[in-house]
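Below is one structure; the comments refer to it alone.
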Amino acid sequence: MYFVYSFLMAVAAAVLSPIWIWKGLRQGKYLSNLGERLGRSFPGLDAMAAIREGRTVNESRERAGAIWIHAVSVGEVLSGVALAQKLKAAYPQRPLIVSTTTQTGQALARERVKAADAVIYFPFDWAFCVRRALDAVKPALVIVLETEIWPNFLREADRRDVPVIFVSGRISDKSFTRYQKFFGWAGFYLRPFLGDALGHARAFLMQSARDAERVRELGAPAERVVVSGNLKYDQAVPDATPMSEWLAGEVERSGRRPLIVAGSVVSSEEPLALIAFGVVQGEFPNALLVLAPRKPECFQRAADFIQESRRKFVRRSELKIGGNGAASGASGAAAISADVTVVLLDSIGELASLYRLADGAFVGGSLVESGGHNILEPAAFGKIPVFGPSMENFAEMAARFVSAKAAVQVESPEDAGVAWIELLRDPERARGMSEAAKRLVDESRGATARAMEEIAKYLGRPA
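For my numbering, count along the sequence shown from 1 and bump the result up by 62.
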């Protein structure tokens, strides 16, 4: 079974390789991390151990088994920050290694997961790549955030008696539908294969009862599946940043209210966010929009859309603010001129702190068929998340917030603009919804503590 799977992976890689090469040469993607994905080199792992233990590189190979956290991309990285901090505090003698699949996730992990001893790319799921990665990392435990199922990785880890546990696991509507479709085509092969692969994992800590039921249907051993909650609820409220301090000062100085923050906007959704903002501008001419594309490759496209809408804008990358060319603070940063209506946040890792300033918050990936993004970042500040109909990746969370009158789900960008105007007109209603949003976040914390209880079964209780 595993041979057929690996063969099909190789065929897919051969078919897609021209695209990867083209994107690698044009956008700098894929090629720069190819050595790590193949398991050939993991810069910094040996040096990390040597520095950490004060030994030579060769001696450092005898270090204690590492804790390996795998977080696919930005959302998983952010959800795992609190867990990483607790693990480092509880098991300081063990190196903490974080892996990602995407470049944006890699950049954010290096910036946010300060507890990590090293940040690497996850290997391709061929046995030879996985073996090299396991040899390099030497994990005592692997924690997969959410639910990325890589059969060869699970089998090779189990062969070495390295426990793999899924934490904050979820199976989205889209993913589950895709699995069911595959079962319809090749269930005779896929069901036993997937069941065998999942059988190599030691525990599945799922976000909800529905996620638990779904992973059992995919073949996970029922006795290893529990509901433990969503790590995203445990994310710390971000501290103020030089960017948020500068923007707060500019909004106050120039009276640029209301401030709308449109975050995690995906490709082709930028014009829709601008339409929604245009509705607000009709009633509030002094309004200001912060537009934050989800991925760096969308920054230029977003700028083009703003120009096409005949709005004047400023790029965050052009501002002389700490962390972007200035030594610290916002000294020397340009002021927002009266004719600027959009701030393009062409940076990674600064969005969350800006929600604290928002009079209206939009969570992207939801007005197009993309599955939505995390609504907890604005909600943790008591900001009311507004999002579109496509929230398949966060369906349960979205439904919970809407039913508690802690969020607004809309069908169109025009509806989003109207929703903000109605909330601005009715401060009492807005205050009640704001309090409900923050209360839901606070009442739902605890998944990290439950994960630590499970982890202690494999690593022992902290001293």
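Glycine included, every Cβ here is placed at the ideal spot set by N, Cα and C.
Under DSSP, the beta strand (DSSP E) around isoleucine 535 begins and ends at which residues? Here the chain has residues from 63 to 525 only, and residue 535 is not among them.
Beta carbon of serine 452 nearer than 8 Å to that of tyrosine 295: no
Around the C-beta of aspartate 421, are 16 or more other C-beta atoms found within 10 angstroms, so that it is buried, or is it exposed? buried
Once you ignore the five residues that flank serine 432 on each side, which residues in its own chain have a CB closer than 7 Å to its CB? Val328 and Ser452
Which ranges would you report for the alpha helix (DSSP H) in the segment 285-321 if only whole runs of at least 4 residues count? 304-316
What residue range does the beta strand (DSSP E) around methionine 459 cover? Counting along the chain, methionine 459 falls outside any beta strand (DSSP E), though it belongs to the alpha helix (DSSP H) covering 457-465.
Member of Cys360, Ala169, Leu149 and Phe245 whose CA lies at the smallest distance from the CA of valine 204: Leu149
Quick check on DSSP: helix, strand or coil for alanine 128? strand
Three-state secondary structure assigned by DSSP to valine 134: coil
So the candidates are Gly261, Thr239 and Gly434; which of them puts its Cα closest to the Cα of glycine 325? Gly434
Three-state secondary structure (DSSP) of valine 175: coil
Pull up the CB-CB distance for valine 139 and alanine 178, whole angstroms please, since I reckon it's below 8 Å. That belief does not hold up - the Cβ atoms of valine 139 and alanine 178 are roughly 10 Å apart, past 8 Å.
Would you say the beta carbon of glycine 257 is closer than 7 Å to some non-hydrogen atom of the ligand HEM? Inclusion of the ligand HEM in the displayed structure is not the case, the ligand content being empty and no account of it being possible.
Span separating the alpha-carbon of alanine 271 from that of valine 289: 6 Å
Sequence-distant residues of the same chain with beta carbon closer than 6 Å to tryptophan 482, five excluded per side: Val342 and Gly422
When the Cα atoms are used, what is the spatial distance from phenylalanine 186 to glutamine 471? 38 Å
Where does isoleucine 129 land, buried or exposed, given buried means 16+ other C-beta within 10 angstroms? buried
Spatially closest choice to methionine 268 from Val277, Val352 and Ala349, by CA coordinates: Val277
Would you call the segment 446-466 in contact with the segment 509-518, where contact means no fewer than 3 C-beta pairs closer than 8 Å? no
Compare the beta carbon distance of alanine 414 and isoleucine 437 with 8 Å and say whether it is the shorter of the two. no
Between the C-alpha atoms of glutamate 173 and phenylalanine 250, what's the straight-line distance to the nearest angstrom? 45 Å
Starting from the C-beta of alanine 180, find all residues in its chain whose C-beta is less than 6 Å away, skip the five residues before and the five after it, and write them out in chain order. Gly106, Leu107, Met110 and Ile159
Could you check what DSSP says for leucine 267 in three-state terms: helix, strand or coil? strand
Going along the chain, which residues of its own chain have a beta-carbon closer than 7 Å to the beta-carbon of phenylalanine 443, five neighbours each way excluded? Val299, Tyr417 and Arg418
Return the CA-CA distance between leucine 485 and leucine 429, expressed in angstroms with no decimal places. 20 Å
I'd like the span of the alpha helix (DSSP H) that includes serine 46, first residue to last. Look at the range of the chain in this structure, 63 to 525, and you will see that residue 46 is not part of it.
Only counting the same chain, and skipping five residues up and downstream in sequence, which positions put a Cβ closer than 6 Å to that of leucine 350? Arg318 and Leu321
If you run the structure through DSSP and keep just helix, strand and coil, what is tyrosine 251? helix
Unbroken alpha helix (DSSP H) run spanning glycine 433, endpoints: From DSSP, glycine 433 is part of no alpha helix (DSSP H); its letter is neither H nor E.
Proximity to glycine 344 [Cα-Cα], best of Ser230, Glu476, Arg377 and Lys236: Glu476
Below 8 Å, can you find three or more Cβ-Cβ pairs linking the segment 183-200 to the segment 240-259? no
Measuring CB to CB, does leucine 336 end up less than 8 Å from phenylalanine 367? yes
Could you tell me how far apart the beta carbons of alanine 263 and isoleucine 227 are, in whole angstroms, since I believe they sit closer than 8 Å? 7 Å
Start and end residues, beta strand (DSSP E) containing glycine 422: 422-425
Put serine 94 into one of helix, strand or coil per three-state DSSP. helix
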